[in-house]
Structure formats: C-alpha cells, structure tokens
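Going line by line, the protein sequences match chains V and H. The numbering used here applies: residue 1 is where the first sequence begins, and numbers increase by one. The numbering used here applies: residue 1001 is where the second sequence begins, and numbers increase by one.
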Amino acid sequence: MDIPSSLAIVALAALIHASFQLSVSVLTLLSGHAIGSKRSQAKVLRLSWGFITGVGVMTLLTLSFISLILLHSFGPVDVPLVVWAIACGLVFGIGVAVWIFYFRKEKGTKLWIPRSFAEHLTDRSKTTKHSVEAFSLGLTSVIGELIFIIPSMVITALVLLELPSVWQLAGIAIYVLISLLGLLVVSSLIGGGYSISKIQKWREENKGFLQFSAGSALVALGFFVYISKVVAEASGVV
Amino acid sequence: MHHGGQTLIVKRHGHGHHAESEHFDPDKMRNSIVAACLSCGVPHGHADSISRRITGEVAEWLKDKPEVTSEDLRRTATHYLKTHHPDAAYLYEHHRSTF
C-alpha cells in the first residue's frame, strides 16, 4: 500500500474509534456532575481536559503496545497475509456485533459493557474533583470500550508497520488526534455553555444512527483492507 | 408542611436484587434537582427555588406512604420537574442510564 492509502486507512480507523460512545458518555456525566456541584467553568474545563488527555494517552499506549506485539511477532515488513485476513475478520465480526449489540434496547444511552464496570465509571465520574482523577478516569474509560476499538487499532498497527518510521509516528499522531474528535467537540460545546441535557438528548435520539454508522464503517473497513491487501497480494496484483 | 421524613425509600441494586432502605432525605433530593438544573444552564437562584418547590410537592405526595421504591420517587420528582423545566427533568430521570 502507498503512504496516502495507508494514512487514509489510519484516518478511517480513527474516525470509527471516535464514533464509539463510552468516553463521550463519561465526559458528559463528569461535566454534568462538575457543573451540578457549582464548580467554576474554568474547573469544569480543566476536568474535561484532564479526561481527554487521559483518553489520548491510553489510546496512544494501547496502539503502540499492539504495534510492538506485532513488530516482535512478525518483524516490520513480513506480516503474513493470514494475520491480515484474521484482522479483517475481527473488524468485520465486531462491525456486525456493533450493528446488533452496541446500545442496549432501553431508554437512555446504555451500552453493552459490563454493568459493574459502568457503575464503577458512574460512581467515579460523580466523585472526581481533581484533574488528575479525571485523567485516570480517561485512561480507564478507554479500557472499558477496548472490545470495540481493538479492531480499528489492530488494522492501524498493521498498516503502520509497513510505513517508513517517520510516517509511523505521523500515523500514530493522526490516529490519536482523530480518535479524540468526538470528545473535543463535546468539550467545546460544554465549554461554550451548551446544555448537557441537549447533548444527551441528541445522543439518545441519534443512537440508532451512531450504532449503524459505526458498525457499517467497521464492515466497510474490513472489506476494503481485505480486498486491497489480502486479495490483491494473494492474486499477485501488487 | 409534612417533609416525608418518615417514609422509607427502598433501593434495589443490580443483578443480586439486594434491597437497601433509608428514610426520605429532602436535602439529598434538593441537591440532585439543583445539580440537574445547573447542568441545563439554569441560574443558581432559580435552580434552588425549583428544587425547593419540587421537594415540597414530592414530600406532599409521600404523605401517608410508609414505603416507596427509589424508582417511584425519581419518577414522581421527574413528573413534577417536567412542568418547571423539561430539560432538567430529562437529565434528572436519565442520569443513571448514560452508559
């Protein structure tokens, strides 16, 4: 794959990552509690930024870790096609699972994550008072939705391994920045005084669309990478 | 005014169905309604006055009820809050179903 195509795949995978909603939900709840506890707007913004930084750092670490595992297992350029095929299958499978399961079929924006974990995040969001706690909440929330973001990260790691090292760093930076877009938008809205209930209502009204688009994008990504890498190389086109 | 302080509020927890109960605490309800109002951009003074009115109405509803569930309490408070501030009522009702 050439560099622009590789970076386009990284950007698409990051957009899919950004469309997952757990971190956005935690940020909404965290900001809601901070505003409800009569904290200043500056404090609310500091908490939001602490949280977003935590999410960004954990995304960076997870992506680097997956890349390192693949690098040590297969070397920089010799990843077998079967590994690509398995990764595409994973992306495809999780895409279909997202179509079916992502949001629970009840009022609100409850997700298919373990309830004990959701309750832990809810309680931590309520009690978070300092930026460093918000930072660790950000780290934890990435772990909570790992099952949904792993496929995008595996594909990104495989694509990054084929790039020259400078472009690998650029690819990681692109992935992390794009994956934070949803959080940055929500944080800007809250910072601009937008009502949390309006944000939450919008998310609830559009949860079907969010679920469908995230699942479809995963299926499309899996299909595209399978054709452009596995089929193309197996049939000797590239 | 009756404060509903003698009414037992029964909470049900998660999958184990382990039930806990406590007496109705008007301050706790007032604080959570104020928090929901503030999250919707309602000024502090107005949020405080809404929360006092709703807590009074809920206390009146609790009169003569020895025991209610926490879900009933939340539903009733939401019902009264809707007439004052629908956005805050939405947030108050759904605060545990965000994720």
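Cβ coordinates follow ideal geometry from the N, Cα and C atoms, glycine included.
First through last residue of the alpha helix (DSSP H) which encompasses residue i
i: T53 of chain V; result: 41-74
i: T28 of chain V; result: 22-36
i: Y175 of chain V; result: 165-179
i: R203 of chain V; result: 196-205
i: I241 of chain V; result: No answer is possible for residue 241 of chain V: it lies beyond the span of chain V, which begins at 1 and ends at 238.
i: V10 of chain V; result: 3-19
Cβ-based burial, residue i [other Cβ within 10 Å; buried from 16]
i: T1007 of chain H; result: buried
i: H1094 of chain H; result: buried
i: M1001 of chain H; result: A caution first: M1001 of chain H carries a pLDDT of 47, below 50, which makes its placement in the model too unreliable to give a value.
i: L7 of chain V; result: buried
i: R203 of chain V; result: buried
i: T128 of chain V; result: buried
i: L1081 of chain H; result: buried
i: E1060 of chain H; result: exposed
i: K38 of chain V; result: exposed
i: E119 of chain V; result: exposed
Closest residue to residue i among the options (Cα-Cα distance)
i: Y175 of chain V; options: V:L27, V:A42, V:M58, V:K38; result: V:M58
i: I131 of chain V; options: V:S48, V:I178, V:D2, V:G215; result: Looking at the sequence shown, residue 131 of chain V is not Ile but Ser. Nearest option by C-alpha distance: V:S48.
i: N206 of chain V; options: V:M153, V:F103, V:L177; result: V:F103
i: I190 of chain V; options: H:D1025, H:S1039, H:V1010; result: H:S1039
i: S179 of chain V; options: V:S152, V:L137, V:S188; result: V:S152
i: A1089 of chain H; options: H:E1057, H:R1075, H:V1058, H:I1009; result: H:R1075
i: L177 of chain V; options: V:I113, V:H17, V:S6, V:P4; result: V:H17
i: S1097 of chain H; options: V:F92, V:W112, V:V83; result: V:W112
i: Q200 of chain V; options: V:P4, V:L12, V:G32, V:I3; result: V:G32
i: F209 of chain V; options: V:I100, V:R115, V:E119; result: V:I100
i: P114 of chain V; options: V:D2, V:S141, V:I66; result: V:S141
i: S213 of chain V; options: V:V24, V:V10, V:F20, V:G138; result: V:F20
i: A170 of chain V; options: V:T156, V:F51, V:G182; result: V:T156
i: S125 of chain V; options: V:I86, V:A34, V:Q168, V:G215; result: V:A34
i: D1027 of chain H; options: H:G1056, H:P1086, H:T1069; result: H:G1056
i: L139 of chain V; options: V:G56, V:A13, V:V237; result: V:G56
Residues bridged to residue i [DSSP beta-bridge criterion]
i: A1088 of chain H; result: For A1088 of chain H, which the question treats as bridged, DSSP gives no partner whatsoever.
i: L1008 of chain H; result: H:H1023, H:E1067
- What runs of the alpha helix (DSSP H), each 4 residues or longer, lie entirely inside the region 1021-1072 of chain H? 1026-1039, 1044-1062
Run through the region 91-163 of chain V for me and flag every whole alpha helix (DSSP H) of 4 or more residues, listed as ranges in chain order. 115-127, 131-144, 146-161
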